[in-house]
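Comments concern the structure below.
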Amino acid sequence: MKKLRALILSVLVGATVCGSFASCGGPSKDVLYVLSFKPEYNEFFEEVNKIFLKENPSIKSVDYKAVDTNNYNTVFSSRVQSKYLDVFTSEVTYMMQGTNAYMQPLTKQDYMDGIKAEYLTRGSFYDPSAGGEPELLTLPLEQVANVVYYDKGLFAEYGVEAPETWSEFLAVLDLFKEAAEYPVVQNGVALTPIEAPIIFGGKSEWPTMTVLNSVVADVVEISQPEFFHSIKDYDTNENIRFNNAIWQEAFDKVKKIGDYVDNKIWGLDYSFASTYFSIGNPTTGKKYPMMIDGTWSYSQMEATFEIGAFALPAVENPVNGEGKKNLAVKTGTTLSVFNGSNKKTVAEKYLEIFFRDEVYQKFVNFTKTPSVKTTVTQSDELVNSIFDSAKYTFVEAYDSRMPRYFPLPSASEISSLMKGDLTAKSVADSLQQRVELNKKDWEKYTGLAHTK
Amino acid sequence: MEKKKHSKLKTSPLVNPYVAILATLPALVSIFVLSMLPSIVNLAISFTDYHGVGQPFEFVGFDNFIRAFKVGDASVSIWDSLLNTVVFSISVVIVQQALSLGMALVVARKFKGRSFFRALFFMPTILGVSVVGFTWQLVFDPVSGPIAVILTKLGKSSALLGEEVLSMFLVVLVAIWSNFGYAMVVYIAGLQNISEDIREAAEIDGARGGKMFWYITLPLLKNTLVINFWISISGTLAMFDIIFVLTNGTANTTTLALYIFQLATNSASNQGQAAALNIYFSLFVMLVMLVFNATVRRKEAEE
């Protein structure tokens, strides 16, 4: 009886301790823990997991978890602390928040030579603290761009083309805004009714940052091209301020675009926006001619019309020093090995599988993103027309190019600006004030975000 | 015989102090690990410029506490989020308690289908927050949700969750809907504790309907009311999840809890400042609860 009692008590104490510390023994040696912020790529990841398990018999299973971007930071932090992590996806914005502190420098391997050099120059792909030759921390899987999608058929019906300048863009917006108020009849035939000129997921707010990124890529990059490279001279260069005339012009233009946004959009969740762009408003039967978004949503669209895309023109002469237009881009997803992993070598094999030509070709086809490899090509015409280096200069999107811990305008501020609740000056002044307030945090990373 | 019983009780493992300690150990360890330890760590972080696990950080003294009130952006300041917290909490607490008490009075009566209605009203409480959030997002979809369809037929349109003022009202509505079942069950238990003899005596004295409720039921439910209000006030002041999934603080619905979360996860990711604000927030909740307790005690003394 005494033994039984002792046994029960031991179990009780053991369960308490184990329960309190989440688990006994920590992460398993025969499970590979993979964390992604791209649930829409699950199907593809599952395929890679199968190949990986087949080739690595020492690993019994892959614990693959994909969470949406809203919750990724929280889940990522808990995985880092518990060490239930081997491979994880990241992107440049997360790197700004310091995720590269958890990236294991990758062992140089032959397959990495196939990755185009220009894709390794955006964001913090290298460890700046390593002495000697900088060490590669993460591998880019895809590149994304901030664009305006449009319904080519609808544009043709209304007799307009993709705008090339700011005034042309405003003229197109005016045309569709008027058509939304007063349906157009031509030669006795009613044209397709318009709900509103533009659609995007306003309730989620962060899509407004794509508007800001596009405007900054023109207004700031063309008028003050040295701005971002001169952040390191912040203390000595008075022109590097976020409330200068150029930034106020950028915020003003974002506000102007807000004049063409239907009020309903501010209650629309991001996940529904591309569906309504594709099918129109099912209640009224009216269409949205344009959608502001990133290329990441293209693979999810199921439109019955031909989709076009253009870089939002925010200046009258959107031509840079190279004689081309600017397009705001960023590295959409990167793949890394966790530096606290207890199976780093085998985790690196997971990355290698991703970059095999036959596997990566499937990824490129599945995600409709441009290929980062010289040996793999993208066949989608729209993707190739967006990522056309003869037409565009790819500039790093504003929200992903700043040094680590650098304050950005919040999505809430940009939404309020577009709704007309804030002025361009108040947003610019508030941003500048926070840049000063947090200077101690970001100045030590100045100039390191673009190392190499 | 009694002596024998006593000695048996004395040797029972239930009164052994070690057993008592071991029996409470799971709860103690859980409270320490899940509540005390994070609070201690939060306090420590508030004195640093901490940005995340494994990142270098320095001791900054009371800097975060001094800067805590300056960290907002142009759209939401800490004062806006404080006001939103107060509006949200007062609305939810008052309406939720009135509704759950009313429902409890109805379903505590004997009628056919009583159990069905009790289960129906309690059901939202057991639904996960993400399920509640996603369901209501579909209802409030401003383009093709059921409310949008009705509004369109009436020739109106609204951003619903994207509309300031209205969005707070809708969030309050969902918060009440998802939690009133819990308070209702507590009120039912309170009502069942009221002796039938007292009711009958009151009825003989002529108490009916409103008078019965006001002079008999309500005073006898006082303890239940206090418990329910206590749980509701502390819960709504710190409520985060339902607002996070419904609006993520857009359209002026950012409460203090959400504000602190956003501060910790934005591009500047200043977790030291967020930790300092957390402490101010805890003190605020504590102050409100102390005032509530003092008011209850004063009322008790008056009676």
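Chains as they are written, first to last, in my numbering: chain F, 1 to 452; chain W, 1 to 303. Ideal placement from N, C-alpha and C gives every residue a C-beta, glycine not left out. Keep in mind that this is a model prediction, so the values were computed, not measured.
{"query": "Flag residue 355 of chain F as yes when its Cβ comes closer than 7 Å to any non-hydrogen atom of the ligand MN, and as no otherwise.", "result": "The ligand MN is not among the ligands present in this structure, which contains no ligands whatsoever."}
{"query": "Output the distance between the C-alpha atoms of residue 262 of chain W and residue 136 of chain W, rounded to the nearest integer angstrom.", "result": "23 Å"}
{"query": "On the DSSP letters alone, give me the boundaries of the alpha helix (DSSP H) that residue 233 of chain W sits inside.", "result": "222-237"}
{"query": "According to DSSP, is residue 378 of chain F part of a helix, a strand, or is it coil?", "result": "coil"}
{"query": "For chain W, is any of its Cβ atoms less than 8 Å away from the one on residue 266 of chain F?", "result": "yes"}
{"query": "Mind checking residue 72 of chain W: buried by the 16 CB within 10 Å criterion, or exposed?", "result": "buried"}
{"query": "Threshold first: 3 residues or longer. Then list the beta strand (DSSP E) segments lying entirely within the region 379-421 of chain F, N to C.", "result": "392-396"}
{"query": "Could you tell me which chain F residues have their CB closer than 8 Å to the CB of residue 270 of chain W, listed as they occur along the chain?", "result": "405, 438 and 441"}
{"query": "What separation, rounded to the nearest whole angstrom, lies between the Cα atoms of residue 50 of chain F and residue 43 of chain F?", "result": "11 Å"}
{"query": "If we define contact as Cβ-Cβ less than 8 Å, is residue 151 of chain F a contact residue for chain W?", "result": "no"}
{"query": "Distance cutoff 8 Å, beta carbons only. Does residue 203 of chain F sit that close to anything in chain W?", "result": "yes"}
{"query": "Less than 8 Å between CB atoms is the rule here; does residue 260 of chain F satisfy it with respect to chain W?", "result": "no"}
{"query": "Could you confirm whether any beta carbon from chain F is found closer than 8 Å to the beta carbon of residue 144 of chain W?", "result": "yes"}
{"query": "Mind listing the chain W neighbours of residue 272 of chain F? Cutoff is C-beta to C-beta under 8 Å, in chain order.", "result": "141 and 143"}
{"query": "In chain W, which residues lie less than 8 Å from residue 282 of chain F when you measure between Cβ atoms?", "result": "143 and 144"}
{"query": "Excluding the five sequence neighbours on either side, which residues of its own chain have a C-beta within less than 7 Å of the C-beta of residue 408 of chain F, listed in chain order?", "result": "399 and 402"}
{"query": "Alpha carbon to alpha carbon, how far is residue 274 of chain W from residue 260 of chain W?", "result": "5 Å"}
{"query": "My understanding is that residue 89 of chain W touches residue 227 of chain W, with C-beta atoms under 8 Å, so please give their C-beta distance in whole angstroms.", "result": "So it is not a contact: roughly 17 Å between Cβ atoms."}
{"query": "Along the chain, where does the beta strand (DSSP E) containing residue 265 of chain F start, and where does it finish?", "result": "Careful: residue 265 of chain F lies outside any beta strand (DSSP E) and carries neither H nor E."}
{"query": "What does the alpha-carbon distance come out to for the pair residue 418 of chain F and residue 45 of chain W?", "result": "36 Å"}
{"query": "Using a threshold of 8 Å, state whether the C-beta atoms of residue 232 of chain F and residue 298 of chain F are closer than that.", "result": "no"}
{"query": "Quick one: what does DSSP say residue 258 of chain F is sitting in, helix, strand or coil?", "result": "helix"}
{"query": "Throw me the rounded Cβ distance for the residue 387 of chain F and residue 145 of chain F pair, which I believe falls under 8 Å.", "result": "7 Å"}
{"query": "What residues in the region 160-172 of chain W have a beta carbon less than 7 Å from any beta carbon of chain F?", "result": "160, 161, 162 and 163"}
{"query": "Tell me whether residue 65 of chain F sits in a helix, a strand or coil according to DSSP, three-state version.", "result": "strand"}
{"query": "Just curious, the alpha helix (DSSP H) that residue 110 of chain W is in, first and last residue?", "result": "Run containing residue 110 of chain W: none; DSSP gives neither H nor E here."}
{"query": "Looking only at DSSP bridge pairs, what is residue 334 of chain F linked to?", "result": "F:90 and F:140"}
{"query": "Taking three-plus beta-carbon pairs below 8 Å as touching, is the region 188-205 of chain F in contact with the region 260-279 of chain F?", "result": "yes"}
{"query": "Counting C-beta neighbours from all protein chains within 10 Å, is the total for residue 102 of chain W 16 or more, i.e. buried, or is it exposed?", "result": "exposed"}
{"query": "Could you compute how far the alpha carbon of residue 197 of chain F sits from the alpha carbon of residue 78 of chain F?", "result": "42 Å"}
{"query": "Under 9 Å between beta-carbons, which chain F residues line up against residue 68 of chain W? List them in chain order, please.", "result": "Those within 9 Å of residue 68 of chain W in chain F number zero; the least Cβ separation is about 11 Å."}
{"query": "What residue range is occupied by the uninterrupted alpha helix (DSSP H) comprising residue 187 of chain W?", "result": "166-192"}
{"query": "Using the rule of at least 16 other Cβ atoms within 10 Å of the residue's Cβ for burial, across every protein chain shown, is residue 169 of chain W buried or exposed?", "result": "exposed"}
{"query": "Taking C-beta to C-beta, are residue 337 of chain F and residue 347 of chain F nearer than 8 Å?", "result": "yes"}
{"query": "DSSP three-state call for residue 20 of chain F: helix, strand or coil?", "result": "The predicted model places residue 20 of chain F with a pLDDT of 47, which falls under 50 and marks its position as unreliable; any figure quoted below should be read in that light. Here residue 20 of chain F sits in helix by DSSP."}
{"query": "Could you check whether the region 74-91 of chain W touches the region 248-257 of chain W, counting it as contact only if at least three pairs of C-beta atoms, one from each stretch, sit closer than 8 Å?", "result": "yes"}
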